[in-house]
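Residue numbers (this note's numbering), protein chains in the order written: chain A, 802 to 947; chain B, 802 to 947; chain C, 802 to 947; chain D, 802 to 947; chain E, 802 to 947; chain F, 802 to 947; chain G, 802 to 947; chain H, 802 to 947.
There are 8 protein chains.
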Amino acid sequence: MEFNVYLSGEIHTDWREQIIQGCQKHNLNINFCSANTDHETSDSAGDFLGEENQPFWRDHKSAKINAIKTKTLIERCDIAIIRFGDKYKQWNAAFDAGYCAALSKPYITLHDEAIIHPLKEVDASAQAWATTPTQVVEALKYLASN
Amino acid sequence: MEFNVYLSGEIHTDWREQIIQGCQKHNLNINFCSANTDHETSDSAGDFLGEENQPFWRDHKSAKINAIKTKTLIERCDIAIIRFGDKYKQWNAAFDAGYCAALSKPYITLHDEAIIHPLKEVDASAQAWATTPTQVVEALKYLASN
Amino acid sequence: MEFNVYLSGEIHTDWREQIIQGCQKHNLNINFCSANTDHETSDSAGDFLGEENQPFWRDHKSAKINAIKTKTLIERCDIAIIRFGDKYKQWNAAFDAGYCAALSKPYITLHDEAIIHPLKEVDASAQAWATTPTQVVEALKYLASN
Amino acid sequence: MEFNVYLSGEIHTDWREQIIQGCQKHNLNINFCSANTDHETSDSAGDFLGEENQPFWRDHKSAKINAIKTKTLIERCDIAIIRFGDKYKQWNAAFDAGYCAALSKPYITLHDEAIIHPLKEVDASAQAWATTPTQVVEALKYLASN
Amino acid sequence: MEFNVYLSGEIHTDWREQIIQGCQKHNLNINFCSANTDHETSDSAGDFLGEENQPFWRDHKSAKINAIKTKTLIERCDIAIIRFGDKYKQWNAAFDAGYCAALSKPYITLHDEAIIHPLKEVDASAQAWATTPTQVVEALKYLASN
Amino acid sequence: MEFNVYLSGEIHTDWREQIIQGCQKHNLNINFCSANTDHETSDSAGDFLGEENQPFWRDHKSAKINAIKTKTLIERCDIAIIRFGDKYKQWNAAFDAGYCAALSKPYITLHDEAIIHPLKEVDASAQAWATTPTQVVEALKYLASN
Amino acid sequence: MEFNVYLSGEIHTDWREQIIQGCQKHNLNINFCSANTDHETSDSAGDFLGEENQPFWRDHKSAKINAIKTKTLIERCDIAIIRFGDKYKQWNAAFDAGYCAALSKPYITLHDEAIIHPLKEVDASAQAWATTPTQVVEALKYLASN
Amino acid sequence: MEFNVYLSGEIHTDWREQIIQGCQKHNLNINFCSANTDHETSDSAGDFLGEENQPFWRDHKSAKINAIKTKTLIERCDIAIIRFGDKYKQWNAAFDAGYCAALSKPYITLHDEAIIHPLKEVDASAQAWATTPTQVVEALKYLASN
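This is the structure:
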């Protein structure tokens, strides 16, 4: 069975690669996609539209360009994997989770036990909570196999 | 004009009261609502369904009970005000923002300048960004007046 | 906070009355509704449209008349309570649960521990599982209070 | 005409194979799909996410993993065939039927005459009731032919 | 239980009055509504927008004014009663039925046995078929009673 | 540009063939589809599900089988062409038009001037009214060309 | 019959007052609403959120505050009246028309004959075209009367 | 990543070609589409349906034929680019923008600084504002690259 999987959240570790490579070993029929995960080009995604003096507007323009991609990917996907690392605010990951929940797109969260409590609302709407990329690979292998 | 306004996010300062009282002074036709903002009863919202040994499941049960209210309130509201304070993870606030965005519910964010950058995705889908409850009152006064 | 609550499922015990009376004690702002819970009039709901020789068509006509009510009630409700007793097939209760799930209507299941396993798919989409009407009253009291 | 057909319900007889093979004989342009029909792996679908002491939570985790697949399949299908055998509770089949009904996905029920009465609500929203896999093949042959 | 009931179709007999008066005797909580049932004012509903030489455009303008009302009424109603008499084309009644079907609004058809065959597609999506206004009153009494 | 076109209505003249052949001459990228247009097999579409004594139920079973196809085709199409001939009731064609209108599927009606008045509600929601298959071919050629 | 009517477009003539007063004479059950029609306060609607040096951002903030109201009003209304005067660009009026069209909200345009051609796409999705406020009053009187 | 891009608005300059050729240089996986951009054939799109004496009806018929294409293209696209030139009313472009906004289709506006103020409502719902085709190419290159 074919699945479109959207990988959302943390960009500072290689969890995406681990999941993608883990699935490739099993020859699963899965298309992976992500927002732009390169910090610098993501932050400057709107710069070509003209410079801004105020940080808010620079961020605003870039974030809205990136949102075109994010929104399209979430609507096209069958499942989202939403990763929360142990650093940074990562509000965009929680935002994606809320977006998925409202669209009834199933998602799996991927985070450590240490942040169970602050993520309880995000986990409450998830289909599963995983702590390692390997577990996500297991889930996808199970789902994509016939 | 009548508006239903959902107040989401931070529970450790009195921003809700400031907005509600500010609007009352202008006799605006606004119904305010919130999730349970009492930390303790919110965390124990599912306890009556049976004790859990594992923190994850206790949180899960409470969060799902609370989600019944949150979901209903978001769907009934015309506008959400989403507040991010300077402490804690507040992923539930970002989750609510994503939920609103997917449902095309307009929302206004309320946060300090210091966290513009991590909130850029949340702000990108907002109708406005305010830094003080007074500004939110101004917005609501403008909208609810004829 | 006002809630419309749809009570679905078992008709052979007084769980509906227990929940309604339990909530009345707390003066909650809740409107309860149900499909026709009288077995005989429910089974004959379509008889006035002409007699049928075949049991299938008699059932069909009555079930479709009842479905007008059920469908309308589910779409109007904010929460459904779905009760599974220890007898009978009760496929209509599971059908209502699936209907709620597809519409993203939150529901709470009410059933004994003995039938956890066969109800796992129904429980998987529920916001909570209760074993007694008193627990449901607790949930509604929590949700409907301010 | 191409159809995506979702086969839901009973897993203890070979009704799925009968339908699939029956259709293959006619070279119909039909893609069949099903939830995981292997009882054991289905029940343990969430075990890789960590062991649970309580049966409810083990079932819960597995059922939610399986629901990712079920939900995706129902939304992708054009028709569902929903089979009720003469044993077990089969609430998941009735749940799928309710889910289809709410999404306006047409479905055909497949069950014996003996259970007409308890299935009347499920049949009331069906497009047809069949008693044998051969009849379902007939229906699909009629629909998928030009 | 309160119901909004839309009465669609034939305008040359008093079936609407029979249903309304029949329900009034039982003090049912039902709001009835209809498109304009006066042939002449209905046909001239767009005349105030300027005269037309071609019959098609005169009809077009009137029909589009009337459609504002029809569309609003169907979307607001809980049930439609759709009446087919023994004269005229009555394509607007069948159009309303299709509109209801697509919106999943339950409807009951009201017509003689003589036209079962040409109405089979319309009846196939209906919740019931009645032959007399009295039967419709029975249905509404059953549904609107508690 | 590729279009899926659903041809609905009259089955006693060769208007479908005229349109299909007319479009083939222009090598348009159009997929045509129709409900079963063979009167006899359409009326007996449900017979394999068991004989019925009452004409209503025989018609009902066949019409519901046919509705699976019709509903799927309307939802998949980009445009519907809805033909009303000068004979028969053709309520199914008007039903399809209402269904399209509620789903915001554009449709073109194809009928003689003589029946403008009774079709005014159906035409009021159409994108165009044609009187000959050639005109429909012109419309499709215009739309499907780049 | 009660109607919610949204008055969109031109703010430099008294067409709104003419319609409202015209309807008041007939005691129609209509609630009228509008975006803020005061040019100056509309343009400065976002100023309380902080000054902007660039005209684009000042306009952007005000327009997004105003959009909260506009969006809410369009979603609540049953009919929109969309007025195009003979001056200015009035792209917001055409934007509102497109918004209504996508939501299937019926609207009536109000404009002079001189601008038929540039408004053809807007008129193509309208239910009617009027040239005077009196005609709109006629339409509303017809629709809101029983 | 593959994108379907709808190019809406001004037809008197070669902005479409500039964007399409600019993207071709980067081998982007983008499908571009447009309404008919030939003024004359667009205005006469409905002429084959019969001549009209009144300009309003001629325009109406052509605009409704064109709307079939426009509506289909907007619903199929992932992004719309909406161009406002410095001449003409271009209400159809603003109409398309409103249509996109209501469907939550992301769009980018393309216009000069001189018309910021009258386009503020259209820009308020856009994901970005560009002033040159080159900037649009930059946006699409960024989005369509991996």
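Here a beta-carbon is modelled for each residue, glycine too, at the ideal position from N, C-alpha and C. The structure presented is a predicted model; accordingly, all values stated were derived computationally and were not measured.
- Chain E has a Cβ within less than 7 Å of the Cβ of C/Thr873.
- Below 8 Å, enough C-beta pairs join the stretch 888-895 of chain A and the stretch 890-906 of chain B to call them touching: three or more.
- Put simply, the CB of F/Lys921 is far from chain D, with every gap to its CB atoms at 7 Å or more.
- For C/Ala836 and E/Tyr807, the gap between their C-alpha atoms comes out near 22 Å.
- Taking a C-beta distance under 7 Å as the contact criterion, B/Lys921 and A/Ala868 do not qualify as a contact pair.
- With a threshold of 7 Å between beta carbons, C/Leu911 makes no contact with chain E.
- If only uninterrupted alpha helix (DSSP H) runs of at least 4 residues are considered, those enclosed by the stretch 853-929 of chain F are 856-877, 892-903, 921-925.
- Between the stretch 917-937 of chain C and the stretch 823-837 of chain B, the count of Cβ pairs shorter than 8 Å is below three; the stretches do not touch.
- A distance of 7 Å or more separates the beta carbons of B/Ile883 and B/Gly823.
- Note on geometry: alpha-carbon atoms of C/Asp913 and C/Asp887 lie some 8 Å from one another.
- Sequence-distant Cβ neighbours of F/Leu850 in its own chain, meaning closer than 6 Å and more than five residues away, are Lys862.
- Within the stretch 930-946 of chain B, contact with chain C at the beta-carbon level (separation under 8 Å) is assigned to no residue.
- E/Tyr943 has no beta-bridge partner at all, per DSSP.
- By the CB criterion at 7 Å, B/Thr838 and B/Ile812 fall inside the cutoff.
- Sequence-distant Cβ neighbours of C/Glu803 in its own chain, meaning closer than 8 Å and more than five residues away, are Asn830, Ile831, Asn832, Ala945.
- At least 7 Å separates the beta-carbon of E/Ala881 from that of F/Tyr900.
- Put simply, of C/Leu874, C/Ser845, C/Pro919, C/Thr933 the residue whose alpha carbon is nearest the alpha carbon of C/Leu904 is C/Leu874.
- When only Cα atoms are considered, E/Glu876 and G/Pro907 end up about 12 Å apart.
- Residue contact check for E/Gln928 against chain C: a CB pair falls below 7 Å.
- Residues of chain A whose Cβ lies closer than 8 Å to the Cβ of D/Ala868 are, in chain order, Pro907, Gln928.
- Of the residues assessed, B/Gln936 falls on the buried side of the cut-off, its CB having 16 or more other CB atoms within 10 angstroms.
- Where C/Ser809 is concerned, the enclosing beta strand (DSSP E) starts and stops at 804-810.
- Taking the CA atoms as reference points, B/Asn805 sits about 17 Å from B/Gln819.
- Only residues of its own chain outside the window of five on either side were considered, and among them Ser863, Ile866, Asn867 have a CB closer than 6 Å to the CB of H/Ala846, listed in chain order.
- The CB of G/Ala895 never comes closer than 7 Å to any CB in chain B; the least such distance is about 20 Å.
- Among the CB atoms of chain G, one or more fall inside 7 Å of the CB of H/Tyr900.
- For a Cβ distance threshold of 9 Å, residue set Phe857, Asp860, His861, Ala864 of chain H lies close to G/Asp924, ordered along the chain.
- Using a Cβ-Cβ cut-off of 7 Å, G/Trp816 does not count as an interface residue toward chain H, since no Cβ of chain H sits closer than that to its own.
- Rounded to whole angstroms, the separation of the alpha carbons of H/Cys878 and A/Lys870 is 13 Å.
- With distances taken between CA atoms, D/Pro919 lies nearest to C/Arg859 out of C/Trp816, C/Arg859, C/Ile916.
- By the criterion of a C-beta distance shorter than 7 Å, H/His840 is surrounded in its chain by Ile812, once the five residues flanking it on both sides are discounted.
- A direct Cα-Cα distance of roughly 28 Å separates D/Ala915 from C/Leu911.
- Annotation: B/Asn854 to C/Lys826 spans about 32 Å, alpha carbon to alpha carbon.
- Proximity of E/Asp887 to chain C, defined by a Cβ-Cβ separation below 7 Å, is not satisfied.
- When only Cα atoms are considered, D/Asp924 and C/Lys872 end up about 15 Å apart.
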